[in-house]
Amino acid sequence: MSQSIEDLTTLLKGKPEFAVTEPEPGFPVIEVTTPVSAGTVALHGAQVLTWAPTEHPPVLYVSPKAKMVPGQPVRGGVPICWPWFSAHPEDPSKPSHGFARTRFWELLSGDVDGKVVTLVFRLVPDEETKALFPHDFELTATIRMADKLRIGLKMRNTGDDVYKVSSALHTYLSVGHIDRIQLEGVKGSHYIDQLTSAEEEDVYQEKNLQIKGEVDRIYKSMSSVLIRDLDRHRSVFVDKAGSRSTVIWNPWKDKSKSIKDLPDKGYQEFVCVEAANAGTDKPTLSPGSSHTIQTVIGLRPLG
-4 MSQSIEDLTT LLKGKPEFAV TEPEPGFPVI EVTTPVSAGT VALHGAQVLT
46 WAPTEHPPVL YVSPKAKMVP GQPVRGGVPI CWPWFSAHPE DPSKPSHGFA
96 RTRFWELLSG DVDGKVVTLV FRLVPDEETK ALFPHDFELT ATIRMADKLR
146 IGLKMRNTGD DVYKVSSALH TYLSVGHIDR IQLEGVKGSH YIDQLTSAEE
196 EDVYQEKNLQ IKGEVDRIYK SMSSVLIRDL DRHRSVFVDK AGSRSTVIWN
246 PWKDKSKSIK DLPDKGYQEF VCVEAANAGT DKPTLSPGSS HTIQTVIGLR
296 PLG
C-alpha cells in the first residue's frame, strides 16, 4: 500500500521545492522544482517520470498513452528493472523486468541542499514479492535533481543465502526524431543482439550507432553514451557507475503498433539508453553484501 497524500505532505512539510499530487486515484506523485531544473517522481516504482533543466525541452520521454495504474508498468521516464532484466530466465510467466517497477516504494526522505534536491525511497519484500523472488533484500533508490539527474539503486542482500540479480535503469530519452540522432560511446564495444543472438554470442560495433530499425541490444561496456540530437540542437549524455552493460532499445515501426501504451509513431520520439547489469553482467549478492548501480543524465551543447 502506498503512503497517503497526507503522510507525504507531512514528511515534506516546509520544503516548497516539493509538491505532492495525485494525477490518478491511488497514484501519488512528487513534483520537484529546483533553481535549475524540474521533474516528477512517482512512489509507484520510485520512478522518475519527467525531468528537464529550466527552459529546456523534456529530457525524458513519457508515452501520451501511458497508464498510471497501481501494479502496472508506466511507459516512460526511468523505470527500475529488478531483480531480473527482460524475461525471467527460467519462468516466462513471471513479469518482464521484475517487480520493482510495479510496487509502491516507501519515501524515506526529501532533502534540499542549495540547488540539489534529493529523494530517497526504499523497497523491502512482502508476500507478493516472495512469491516471485524468494530472497530477502532491501532496495534503496536515491534520486537527485539539479542541473543533472542522478539516480542510484542500491541492492542489499538482507538474508542468509547467495543469489544473483540483474537490473537496469530503463531510461527513455526524448529526441526530436529518431532518424536525426547519433549515439556515441558504443563504438568498439561488443553487444548481445536480443533480436537475433543467444546470450553468449557477441557482435562487434564498428562505428557510432544510428537507429535505422528495431534495436534491442546489451552492450558489454562501461563507457558513457552521448546522444547527438540534430533536431533539438543538443546532446544528452548518459554516464554510469556500477554497470558493465548498457542496453539500447527502440521498438521501431512494427513493434510500436503492437505496444498498447505507445502511439504507432511513438518510436520516432525516444531512444532507451540504460545503465544495466544485464546479459552476462549479473552481480552476485552474498549475505550482507550490496551493489549499487547509478546513472547520471544531463545536457551538453551539440558541438
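Counting from -4, one number per residue, gives the positions in the sequence shown under my numbering.
Glycine residues also receive a C-beta, built at the ideal position from the N, C-alpha and C atoms.
Expected contact under 8 Å - CB spacing of residue i and residue j to nearest Å
i: residue 144; j: residue 46; result: 5 Å
i: residue 128; j: residue 152; result: With a Cβ gap of about 12 Å, residue 128 and residue 152 do not count as contacting.
i: residue 157; j: residue 77; result: Between residue 77 and residue 157 the Cβ distance is about 17 Å, and since that is not below 8 Å, they are no contact.
i: residue 180; j: residue 219; result: 5 Å
i: residue 33; j: residue 24; result: Not confirmed; about 13 Å, so no contact.
i: residue -3; j: residue 94; result: The pair is not a contact, with the Cβ atoms about 15 Å apart (cut-off 8 Å).
i: residue 14; j: residue 26; result: 4 Å
i: residue 11; j: residue 142; result: Not a contact, Cβ separation roughly 19 Å.
i: residue 162; j: residue 288; result: 6 Å
i: residue 292; j: residue 231; result: 7 Å
i: residue 187; j: residue 213; result: 4 Å
i: residue 279; j: residue 234; result: Contact flag wrong, Cβ pair sits at about 25 Å.
i: residue 65; j: residue 22; result: 6 Å
i: residue 177; j: residue 211; result: The pair is not a contact, with the Cβ atoms about 19 Å apart (cut-off 8 Å).
Residue i, buried or exposed, once every other Cβ within 10 Å from all chains shown has been counted against 16
i: residue 295; result: exposed
i: residue 264; result: buried
i: residue 205; result: exposed
i: residue 250; result: exposed
i: residue 199; result: exposed
i: residue 184; result: buried
i: residue 269; result: buried
i: residue 103; result: exposed
i: residue 261; result: buried
i: residue 110; result: exposed
i: residue 58; result: buried
i: residue 87; result: exposed
i: residue 16; result: exposed
Cross-strand partners of residue i (DSSP beta bridge)
i: residue 265; result: 169
i: residue 216; result: Its beta-bridge partners do not exist; DSSP assigns none.
i: residue 140; result: 112 and 144
i: residue 13; result: 27
i: residue 296; result: 229
i: residue 105; result: 114
i: residue 289; result: 147 and 236
i: residue 270; result: 164 and 241
i: residue 133; result: 151
i: residue 85; result: Residue 85 is not bridged to any residue.
i: residue 211; result: 244
i: residue 77; result: 93
i: residue 159; result: 279
i: residue 206; result: DSSP lists no partner for residue 206.
i: residue 224; result: 176 and 229
Residue interval of the beta strand (DSSP E) (run including residue i)
i: residue 35; result: 32 to 37
i: residue 190; result: Per DSSP, residue 190 belongs to no beta strand (DSSP E) and is neither H nor E.
i: residue 307; result: Only positions -4 to 298 of the chain appear in the structure, and residue 307 is not among them; the question remains open.
i: residue 241; result: 240 to 245
i: residue 281; result: Segment: none, residue 281 is in no beta strand (DSSP E) and carries neither H nor E.
i: residue 162; result: 162 to 164
i: residue 67; result: First-last for residue 67: undefined, no H or E at that position.
i: residue 179; result: 176 to 179
For residue j and residue i, the rounded distance between their alpha carbons
i: residue 175; j: residue 201; result: 20 Å
i: residue 271; j: residue 217; result: 10 Å
i: residue 117; j: residue 101; result: 5 Å
i: residue -1; j: residue 106; result: 19 Å
i: residue 164; j: residue 223; result: 20 Å
i: residue 53; j: residue 28; result: 14 Å
i: residue 239; j: residue 182; result: 15 Å
i: residue 149; j: residue 51; result: 30 Å
i: residue 97; j: residue 82; result: 15 Å
i: residue 119; j: residue 228; result: 42 Å
i: residue 173; j: residue 72; result: 17 Å
i: residue 248; j: residue 139; result: 34 Å
i: residue 267; j: residue 125; result: 29 Å
i: residue 108; j: residue 191; result: 47 Å
i: residue 20; j: residue 60; result: 17 Å
i: residue 208; j: residue 246; result: 8 Å
i: residue 135; j: residue 298; result: 37 Å
i: residue 84; j: residue 90; result: 11 Å
i: residue 113; j: residue 5; result: 17 Å
i: residue 8; j: residue 63; result: 25 Å
i: residue 197; j: residue 203; result: 17 Å
i: residue 56; j: residue 3; result: 26 Å
i: residue 130; j: residue 171; result: 42 Å
i: residue 121; j: residue 226; result: 46 Å
Residue interval of the alpha helix (DSSP H) (run including residue i)
i: residue 257; result: Careful: residue 257 lies outside any alpha helix (DSSP H) and carries neither H nor E.
i: residue 55; result: Segment: none, residue 55 is in no alpha helix (DSSP H) and carries neither H nor E.
i: residue 1; result: 0 to 6
i: residue 97; result: Run containing residue 97: none; DSSP gives neither H nor E here.
i: residue 123; result: 122 to 127
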